[in-house]
Every structure is written in structure tokens, then in C-alpha cells.
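Engineer: Take a look at the following structure, please.
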Amino acid sequence: MKTGAFDTFSTDLLIIGGGAAGCFAALKAREAGVRNILVVDKGHVGKSGCATFGAGSFKGFIPGEDPYEIWFGKAVEAGCYMNDQDWTQAHLNEVYERVKELESWGVEFERNPDGSYRRIEGQGSSDLRPIKTLMFHGPQLMHQLRRTLVRRGIPIMDRVMVTHLLHARGRPGVISGALGFHLESGGQRVFLSKTTILTSGGQSYKSPYAFHKMVTGDGHIMALEAGAELSNYEFTLHHLSYAGFDTTGMNVLQGLGGTFLNGLGESFMEKYDPEHGSRANLNTISAAMAMEVKEGRGPIHMDFSGYTRDSLDLLKRVLPIFHRAFTRAGLIRDDRIAPRLEWMSVNSGNVGFGGGVRINLSCETNLEGLLAAGDATSGPAAGVEGFCAYAIPFATTSGARAGLQAAARIKRIKNHYAIGLSELRQKGMDLSRPLLRSRGVEPDVLTLRVQEILFPMGTYLLRHGDRLRKGTEEVADLKANLLPLLKAYDPHYLRMALEAKNMLLCAECFLKAALAREESRGSHLREDFPFSENGHWLKWIILRQPDEKLKLREEPIPIHRFPLRPSVDRVKHPIIEANERYH
Ligand SMILES: Cc1cc2nc3c(=O)[nH]c(=O)nc-3n(C[C@H](O)[C@H](O)[C@H](O)COP(=O)(O)OP(=O)(O)OC[C@H]3O[C@@H](n4cnc5c(N)ncnc54)[C@H](O)[C@@H]3O)c2cc1C
């Protein structure tokens, strides 16, 4: 159908983003009887999204085999009590069903000769409290999900970037569609939907970690601009990568016995996290690396000397992209991997966990008709970095929940709400504005400026109010002076311009939330506020944008009704404490 300048598509259920969460949402909605579904993705479903490059690790709790108390306890402990513990429980209860579904759709998990799952003990596992990780065969996961969608006749629209959510006419609290454009033709497309699920992933800031440059917080910003709430934005993923080129696969690399060494050749992680050592979680390792470097004991290396031929065979099956890249670079040769390689921390935004759209247990946002799942959300099951309830496993459980909830809603709704035409026209004009400018700046300029603000260690890793404040001032300057000058030559540049805009606005959310939280907690390590203040700060910071201005409020976590609570009111951040103890 064509209405004015827009191609218009009408569907019962619109799913924005066809990664693991989006595919699960579509498949579960179809199972629950929704006939009319459309999955729209700015890439190619099956070859886009972080799960396509998933590093083969799936932290799936297996009932009857794994100790629930340890999994739940570690999820909340590493979540630093920022979890919605109802969500953590729901996730653990449901994740094994999702594993079985993946297998039934053709995704292979590593198995032992006797048929049992072969599992490694990677990040967050310890001899005292083991957490075992299932391993799937890398890119196969998204390939099989696309195949399953196609087999079930669920339509997919590739290469369309969704840019705005549309409200029901005269009802600012209700979403009834979305606007986007085709990345080749540039044609604008309008989607009318009874229910919309946002599964467009997190915000990677296009950082030097591998394979996530397509997630640029588009969903976070379109939701915020439409009136939805974000939370957890101060908590970020501090990933780790080989210093020579963008890498992936930390959980498996740690699980196979990779250890971290400082410039003196010492294995230093035991000082900072005696229980987990080199299998600590990512923000702990990143902060410990930073402390070692600050104390003059850099650079940091990953030691692979314990790797065997069997380790490399496993890498080849589970992490084929990693294996190929390291082989091509000459770092894997004759079935051996280089014994030591320089390693570094990277700010990977909120991929896997950290800030995003706030949802309840049914994946509903505060806007009627808008649900969210996966990395598009604030990761309520995981809190700060609750690695037992994050990333791909959470994308599957939350995607499934969102699909079922959408199906229930669609059954209740007879007709589409009409969208407001003046809103549509206005947003259509906003969308094409960079194409109309003949003079201005290219998107890369803004992308680079945002990265220059966010990537220094003193901003994302070892934070301080002065530096965060300076960052917010720089962002405000870019918003006022550079953003209005963005220009695009064609639809390809238009995508880059809109991604750069979203990166800038997400940077504002991060810096303002990080400045507001005057304490240290997990990845949020403030040199000027070194204590975790459980007495005051068991609160979520909620972001909203009424009238185009970002507003923050604190909301107490209902910790009194959750099973786990911290035992002390105030405790020094463990990395700062360890650094003071040893140096
Ligand atoms: C290299 C790498 C390796 C990883 N390895 C693991 C692992 O081994 N185990 C694990 O548990 N987790 C892993 N993670 C994290 C995990 O991949 C993510 O947490 C997970 O994929 C999130 O799923 P999702 O469906 O929410 O988002 P994604 O998989 O990121 O999918 C989002 C989709 O939305 C689309 N999209 C984005 N914006 C728009 C827009 N504006 N319009 C239309 N479509 C849009 C994207 O093209 C993409 O297809 C890894 C991440 C990376 C980057």
C-alpha cells in the first residue's frame, strides 16, 4: 500500500530487530496464534545482530543438574543487587526450555561422547561455586533461527532501519506503529501495528570489540523520544580484547585456562578476586587491569601456555571466527596458539547487560502497545553484570515472554489505533533532514567525537565526578553545535548519521546517570565515591525525556520483598579496597 510519500505496511505484531530476542518473540507469538507478524531489521536477519557472532557461550541453568542457590546467588551478587530479582528467578526457571527449543530448531550444543552436555567453567565460575557454561556452535545460532522463521512463514523485512515510534492519534501514551527507511532505495516506510516489540539490541558505541558495530542504541533513543523510560544506563560492559585487533570469545578463553599476567609476568587477578582469579567477571578484570597499569605494572597479557591441541579443536568448533582470525594473523600455527598476547579493556556500552528500556516481568514498557526484550532492555534479570542471567540466554527468555505477552494483547484488540498524520509528516521530515543539507559534517566526525569522550579509561572505567561532568559539557556542546550540521549523501550515509546521533544521545544518558550515582557499584567505579552505599543507593536511576530534555529520578528497589539483600549498609568497592591493601 502507498500513502503519500510513504509505503505503508499493516501488521498485528511489529518486531523491530531480528536478533535472538526478536526471533524468539516472533516464534513464540506465532505458536500462541498470531498470524500477522512482521520482523524488520536494518541488517539481514541471520547475519546481523550480536548473536550472529556469539562467542559460543550460553550460560543456561539446567534444573536438576545445577544448584539453583548458587546460580541465583551469583546472579544477584554480580548484579550488585540492582537486579529485579523476580526477573532473575523467571529467567532461571525458563532458560532451559529455551535451550531445548534451540536444539529442536537445529542449533548444536557441544556434547560429550556419552551424550551429556560438554560444559566449561568460564567467567564467574570458581571451584567453590561452579557455574557451568553450555557451548553452541557460533554463527549457527542465528542461521537456524532465520531458517525456523522462514519455515513457519513469518515475514522478514531486511535492510530497513526503523527510526521512530509512532503514537496513536491523540494518545501520547499509546504506540501504534513505527517509521523507517530502506537502506538501499531510501524510501520511507510506515508500519501500523496493534503491538510493537523493540528488540533492536544495545548500544556498542562502535567500540573496538568485535562484531557489534550494528547496535547503536537506536531502540533506546526511539523509545526515549516516544516517552518510554530507560534505566541502568550508568552500568556498562567493560569487555576485553586482544590489543592487536578486535576480538571476541572471552568466556571460552577464560574457561579453557587463559590467565592474565601483568608487565612483571605476575598472575595478578587473585589479588583482586581471590575466589575467581582469572575467571572473574569482565568489569572486575578491566578495573584490576587499570589498577595494575596505573601502578606502573602494565602492559597486560593473556597467557595461553596451558592450551592443548584439544583446546584449539574446541575453539575451531565453538569460536570459528576467532580461530580463523588468529590463524590468518599467524597467532595460531601448527595447532598451537601464541603463548602470550597483549590484552586490553574496551568500553562496549550496554551489549549483553546494562542500560536500556525499562520493562516489567511481562516485557511491557510504560507505553501501551510497546514491549521490549533482549539488549534493548535494561537487563533486569542481570542488574549490573549478573552473568548467570544475561546476554543471549536473556534474549531468549525475554524474547519468548514478549512474544507471548504480545499475543495475549493482540487477542484483546479488535482494530489498529489510527496514527497521527501530523506526527508522521513531522517525523518523516526529521528523518530526511541530513539528506537535504548540502553543507555540513559527515557522520564519522560525530562518531569519533563521541568515542573520544567515552573511551578514555578515566571516563568509563575509573570514573570521577569532574571527568563525568566535563563529558556531559562536551556532549552538550556537540548536541548544540555539531548534531544540527550532520549531512548525508545517500541512504547509507543517512543510516550512519542517525547512528551517530543515537550514540551521542546515549552518551548523554550514560554520563548523566553515572554522575548522579554518587557511590561505587560493580562497573560503576567512582574514585570520588569509593563505597557501595547500600543504605542509600539500592535505587534504580530512571531516565525520561519529556519536552526534549533528559530528566532523571531515583526509584527505590523493592529489596525488602526480594529473597536476597546485602548484609552491610556500606562497603568499599572491592577493587579499590584490594588496590589499597596491596600497594
Ligand atoms: C562478538 C560478540 C560475541 C558475543 N558472544 C556471546 C556469547 O558467546 N554468549 C552470550 O550469551 N552473549 C554473547 N554476546 C552478547 C549477545 O550476543 C547479545 O547480548 C545478544 O545477541 C542480544 O540479543 P538481541 O536480540 O537483544 O540483540 P542483537 O543480537 O544485537 O540483535 C539486534 C538486532 O536489531 C537490529 N537493529 C538494530 N537497530 C535497528 C533499527 N534501528 N532498525 C531495525 N533493526 C535494528 C540489528 O541489525 C540486529 O539484527 C556477544 C556479543 C558480541 C558483540
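The sequence shown: position 233 = 237 (this note's numbering), numbered continuously. For glycine and all other residues, C-beta sits at the position ideal for the given N, C-alpha and C.
1) Return the chain-ordered ranges of every beta strand (DSSP E) run that is complete within the region 288-325 and spans a minimum of 3 residues.
2) Do you know how far the Cα of Leu244 is from the Cα of Gly142?
3) Is there at least one non-hydrogen atom of ligand 1 closer than 7 angstroms to the beta-carbon of Ile20?
4) For Pro560, tell me which candidate among Arg521, Ala393 and Leu465 has the shortest Cα-Cα distance.
5) Ile19: buried (16+ other C-beta within 10 angstroms of its C-beta) or exposed?
6) Could you spell out the range, first to last residue, of the alpha helix (DSSP H) harbouring Pro438?
7) How far does the alpha helix (DSSP H) with Arg193 in it reach, from first residue to last?
8) By alpha-carbon positions, which one of Met433, Tyr464 and Val194 ends up nearest to Ser524?
9) With a CB to CB cut of under 8 angstroms and the five nearest residues on each side skipped, what residues in its chain are close to Val178?
10) Can you tell which of Ala504, Ala410, Val99 and Trp544 has its C-alpha closest to the C-alpha of Ser382?
11) I'd like the list of long-range same chain contacts for Asp317, defined as Cβ closer than 7 angstroms, with 5 residues on each side in sequence excluded.
12) Do Arg405 and Ser366 have their C-beta atoms within less than 8 angstroms of each other?
13) Mapping DSSP to helix, strand and coil, what is Val572?
14) Decide if Met507 is buried, meaning its Cβ has at least 16 other Cβ atoms within 10 Å, or exposed.
15) For Ala9, I'd like the list of residues in its chain whose CB is within less than 8 angstroms of its CB, leaving aside the five on either flank, ordered along the chain.
16) Looking only at its chain, what residues have a beta carbon closer than 6 angstroms to the beta carbon of Phe65, apart from the 5 residues adjacent to it on each side?
17) Using only CA atoms, which one of Thr451, Tyr497 and Met86 lies nearest to Ile563?
18) With H, G and I counted as helix, E and B as strand and the rest as coil, what does DSSP make of Val454?
19) Restricting to Cα atoms, I'd like to know which of Phe57, Asp314, Val355 and Ala232 is closest to Thr220.
20) Is any heavy atom in ligand 1 found nearer than 7 angstroms to the beta carbon of Asn236?
21) Measure the alpha-carbon distance for Ala399 versus Gly539 and round it to whole angstroms.
22) Give me whichever residues DSSP pairs with Lys32 in a beta bridge.
23) Which residues in the same chain as Ala518 place their Cβ atom closer than 7 angstroms to its Cβ, once the five residues preceding and following it in sequence are excluded?
24) Run through the DSSP bridge pairs and tell me what Ser351 is partnered with.
25) Is the separation between the beta-carbon of Met3 and that of Ala55 shorter than 8 angstroms?
26) Determine the DSSP secondary structure at His141, reduced to helix, strand or coil.
27) With DSSP as the reference, label Tyr276 as helix, strand or coil.
28) I want to check one thing, is the minimum distance from the CB of His186 to the heavy atoms of ligand 1 below 7 angstroms?
29) Skipping 5 residues on each side, what residues in its chain have a beta carbon closer than 6 angstroms to that of Ala480?
30) Per DSSP, Gln207 forms a beta bridge with which residues?
31) Can you find a CB in chain B that lies within less than 8 angstroms of the CB of Gly353?
32) CA-CA distance, Gly174 and His168?
33) Return the chain-ordered ranges of every alpha helix (DSSP H) run that is complete within the region 39-118 and spans a minimum of 4 residues.
Structural biologist: According to the data block:
1) 305-307
2) 18 angstroms
3) yes
4) Arg521
5) buried
6) Leu425 to Leu440
7) Careful: Arg193 lies outside any alpha helix (DSSP H), inside the beta strand (DSSP E) at Gln192 to Leu202.
8) Tyr464
9) His171, Ala172, Leu371, Glu372, Gly373 and Tyr421
10) When C-alpha distances from Ser382 are compared across Ala504, Ala410, Val99 and Trp544, the shortest belongs to Trp544.
11) none
12) Their beta carbons are under 8 angstroms apart, which means Arg405 touches Ser366 by this criterion.
13) coil
14) buried
15) Gln192 and Gly432
16) Trp75, Leu96 and Val99
17) Met86
18) helix
19) Val355
20) no
21) About 32 angstroms.
22) According to DSSP, which records beta bridges pairwise, Lys32 is partnered with nothing at all.
23) Glu238, Arg467, Leu472 and His528
24) It should be noted that the sequence gives Asn, not Ser, for residue 351. Looking at the DSSP assignment, Asn351 forms a beta bridge with His242.
25) Shown here, the chain extends from 5 to 587; a query on residue 3 therefore has no answer.
26) Coil.
27) helix
28) no
29) none
30) The partner list for Gln207 (beta bridge, DSSP) reads Thr220.
31) Considering every chain present, this structure includes no chain B. It has just one protein chain.
32) 17 angstroms
33) 72-82 and 89-108
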